[in-house]
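To keep things clear, I will list the structure first and then write my remarks on it.
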Amino acid sequence: GSDGNVAPFRIFPLHLLKDLPKSWYAGKIVLIGADLPNEDRHRTPFAALLGNDAGSLPGVVVHAFALAQLLDGISFTRQDALASLLATLAASGLGVVIALLGVSVFARLMLGGLAYLAFWGTGFGLFALTGWLIPLFAPSLALAGAGSLSVAVMAQRYKRKKQFAEAMVHRRNESLHKVVENSFDGIIVTTSDGDITMTNSSADFLMGWKAGEKAGMPITDFIPNANDYGAHFFKLGETPDRLSERNIEPLEVPCERMDGTSFTMELVVYNARVSFTQGDSAATGGERVSYIYSFRDITARKRTEEAQKEALKESEAANRAKTEFLANMSHELRTPLNAIIGFSEIMKMEALGPIGTPQYVEYVVDIHNSGSHLIEIVNDILDMSKIEAGDIELNEEPCDVFQMADTCMRLVADRAQNGEVALVNTMESDLPRLFADQRMIKQILLNLLSNAVKFTPADGTVTLSAGVDGAGLTVSVSDTGNGIPAEKMAVILEPFGQADMTLQRQFEGTGLGLPLAKGMTELHGGSLTIESTEGKGTTASVSLPADRFVSEQKTA
Numbered sequence: 029g030s031d032g033n034v035a036p037f038r039i040f041p042l043h044l045l046k047d048l049p050k051s052w053y054a055g056k057i058v059l060i061g062a063d064l065p066n067e068d069r070h071r072t073p074f075a076a077l078l079g080n081d082a083g084s085l086p087g088v089v090v091h092a093f094a095l096a097q098l099l100d101g102i103s104f105t106r107q108d109a110l111a112s113l114l115a116t117l118a119a120s121g122l123g124v125v126i127a128l129l130g131v132s133v134f135a136r137l138m139l140g141g142l143a144y145l146a147f148w149g150t151g152f153g154l155f156a157l158t159g160w161l162i163p164l165f166a167p168s169l170a171l172a173g174a175g176s177l178s179v180a181v182m183a184q185r186y187k188r189k190k191q192f193a194e195a196m197v198h199r200r201n202e203s204l205h206k207v208v209e210n211s212f213d214g215i216i217v218t219t220s221d222g223d224i225t226m227t228n229s230s231a232d233f234l235m236g237w238k239a240g241e242k243a244g245m246p247i248t249d250f251i252p253n254a255n256d257y258g259a260h261f262f263k264l265g266e267t268p269d270r271l272s273e274r275n276i277e278p279l280e281v282p283c284e285r286m287d288g289t290s291f292t293m294e295l296v297v298y299n300a301r302v303s304f305t306q307g308d309s310a311a312t313g314g315e316r317v318s319y320i321y322s323f324r325d326i327t328a329r330k331r332t333e334e335a336q337k338e339a340l341k342e343s344e345a346a347n348r349a350k351t352e353f354l355a356n357m358s359h360e361l362r363t364p365l366n367a368i369i370g371f372s373e374i375m376k377m378e379a380l381g382p383i384g385t386p387q388y389v390e391y392v393v394d395i396h397n398s399g400s401h402l403i404e405i406v407n408d409i410l411d412m413s414k415i416e417a418g419d420i421e422l423n424e425e426p427c428d429v430f431q432m433a434d435t436c437m438r439l440v441a442d443r444a445q446n447g448e449v450a451l452v453n454t455m456e457s458d459l460p461r462l463f464a465d466q467r468m469i470k471q472i473l474l475n476l477l478s479n480a481v482k483f484t485p486a487d488g489t490v491t492l493s494a495g496v497d498g499a500g501l502t503v504s505v506s507d508t509g510n511g512i513p514a515e516k517m518a519v520i521l522e523p524f525g526q527a528d529m530t531l532q533r534q535f536e537g538t539g540l541g542l543p544l545a546k547g548m549t550e551l552h553g554g555s556l557t558i559e560s561t562e563g564k565g566t567t568a569s570v571s572l573p574a575d576r577f578v579s580e581q582k583t584a
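In this note's numbering, the protein residues as written are 29 to 584.
Structure follows, in structure tokens:
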């Protein structure tokens, strides 16, 4: 044991900074510290390590422990406030880091336990190696408290996120429910077996049901063969995410309401696969399949379509009657007109002898000219009626386009000269020959040239040109006339259509020239285009395909 009376007693604070005689402590054991009554209990740092009575030991134990350490040559030092503070901060930070790790709660608890053990092990290790006594009770509480607080914060945050997500899902479901419920189309949802699980208000109204009264009933009771319609919209086992990916057309299905009235519905069927929760006995294969029937009443639309079809039939019948009438009348008119033209020509030539009165000769010339003009109109009407009826055939043969164009230019030369209109032909003579109906090609060119001369004022110019490219041959007739208003462009290509339809119009004509040219061009597989600028002039272009060019096989 140790005897406190053996060692000289000195007041430590009085001599701490002074030099003491070495004879006082040479060869002796020196105990520096406070006197501890043996019967009292005293708080010590290492008592906390041993877990004794909240860190306190009896005074006699403290004396014995200190003397034993001195005799063994070991000194120990208590690290008070700073070491405790640093250890507490480190423990708190470690607890927060562990709590915030992106791992599961169980993993965070395991890491916290390991950190707690490592913390205490480090404290004992420091004490064993250096004699440093670090109070670990407060840091341990800080470690556990920080971890618990962080876990609580994380749990609260997770709870709020979950509540927010649930609220979003609820609002989304509520919005979807409103969309479905307020949809103009009727919507019926069934199980994979065809039993109705839900209907919206439009479906109830269209079918004449009360809300929800048909739940659980087979849909085939109301839409016959409903289970077979799915094959029309998707293949077996195929579930595209969007209807647009299926490239389908709705079905038109006859249906009957609860009151016995019938209507035609436009129906689309699609399916939805929803993962089921554990314990759902109704689901198989990990998901539940529902079928959605979306439909609308198209009875009024069908009536309108039928009325339109009937009107179209009547219009086509009237058009055929008109065409047949024109064809018949044309044939009927040609016979007397040919007689009038023939006899007037004989009288004009005075083939059977002189008429005697010169004025009669002038009358005969007028009769002949009027008859010739009228027969041209009748021929145009007859050709137009044949084209509309599809009864015209092409008499195809090799044709020289340049020669035909030159002939047509000579035919309109007198009219152009009388109107003081200049005619210009820029066509090349080496244009490829065409395999076509020569009469029709001449008629096309003559109609375009006649129109251009007729609508070009004095001192104007009409130009005939042609070009060849990989697509074929294009012949154009351009004039410097008044042009055609944009709103009249479609009218002038219709039979009997004219830009000026009034009785006071300046120019005569039946309105068949351009429609005939267009129809005859299309019979050859070509096209007629009109480009016009009001006040500047018009260009009419006839394009014929390259396969109309004469080849050796066609001429053989």
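We put the CB at the ideal spot given by N, CA and C, even for glycine.
- Contact between A231 and I251 is absent: CB atoms are separated by about 11 angstroms, not below the 8 angstroms threshold.
- Looking at the DSSP output, L572 sits in a beta bridge with L501.
- For G214, no alpha helix (DSSP H) run applies; the uninterrupted beta strand (DSSP E) run containing it begins and ends at 214-219, by DSSP.
- With a 10 Å radius around the Cβ and a threshold of 16 neighbouring Cβ atoms, R199 comes out exposed.
- The bridge partners DSSP lists for T227 are I216.
- Looking at the backbone, the Cα of I247 and that of W237 are separated by about 13 angstroms.
- For Q191, the number of other beta carbons within 10 angstroms of its own is below 16, and it is reported as exposed.
- In the three-state DSSP reduction, S211 falls in the coil class, being neither helix nor strand.
- Bounds of the beta strand (DSSP E) holding S560 are 555-561.
- Straight across, the Cα-Cα distance linking Q336 with A494 is about 44 angstroms.
- Counting other Cβ atoms within 10 Å of its Cβ, H205 stays below 16 and is therefore classed as exposed.
- Per DSSP, the continuous beta strand (DSSP E) segment holding F463 begins and ends at 462-465.
- Short of 7 angstroms from the beta carbon of D487, and not among the five residues preceding or following it, lie these beta carbons of its own chain, in chain order: E448.
- Boundaries of the alpha helix (DSSP H) harbouring V429: 429-439, taken from the DSSP string.
- For A545, the number of other beta carbons within 10 angstroms of its own is at least 16, and it is reported as buried.
- By the C-beta density criterion, K482 is buried, having at least 16 other C-beta atoms within 10 angstroms.
- Shown here, G495 sits in a strand according to DSSP, grouped into three states.
- In terms of CA proximity to D507, L476 leads the group D497, L476, M517.
- For L544, the enclosing alpha helix (DSSP H) stretches over residues 541-551.
- Closest in alpha carbon position to S504, among R576, T567, E194, is T567.
- Assigned with DSSP and collapsed to three states, T332 falls in helix.
- The criterion of a C-beta distance shorter than 8 angstroms is satisfied by L542 and L521.
- Here N423 carries a coil assignment [DSSP, helix/strand/coil].
- Of G370, H396, E352, D434, the smallest CA-CA separation from L410 is found for E352.
- Leaving aside the five residues that flank I420 on each side, the residues in its chain whose CB is nearer than 8 angstroms to its CB run, in chain order, D411, K414, L551.
- Looking at the DSSP output, V297 bridges to Y321.
- With fewer than 16 other CB atoms across the displayed protein chains lying within 10 angstroms of its CB, R301 is exposed.
- DSSP places L451 in the uninterrupted beta strand (DSSP E) bounded by 450-453.
- Using a 10 angstroms sphere on the CB of H401, the tally of other CB atoms stays under 16, which defines it as exposed.
- L521 has no beta-bridge partner at all, per DSSP.
- By the Cβ neighbour-count rule, A574 is exposed, with fewer than 16 other Cβ atoms within 10 Å of its own.
- Counting along the chain, V281 sits inside the beta strand (DSSP E) bounded by residues 279-284.
- The DSSP-derived three-state label of F250 is coil.
- Taking each of L572, G418, N356, R185 in turn and checking the Cα distance to P460, the smallest one comes out for L572.
- In the DSSP assignment, the residues bridged to S290 are E284.
- The beta carbons of N453 and M432 sit about 12 angstroms from each other, so the pair does not count as a contact at 8 angstroms.
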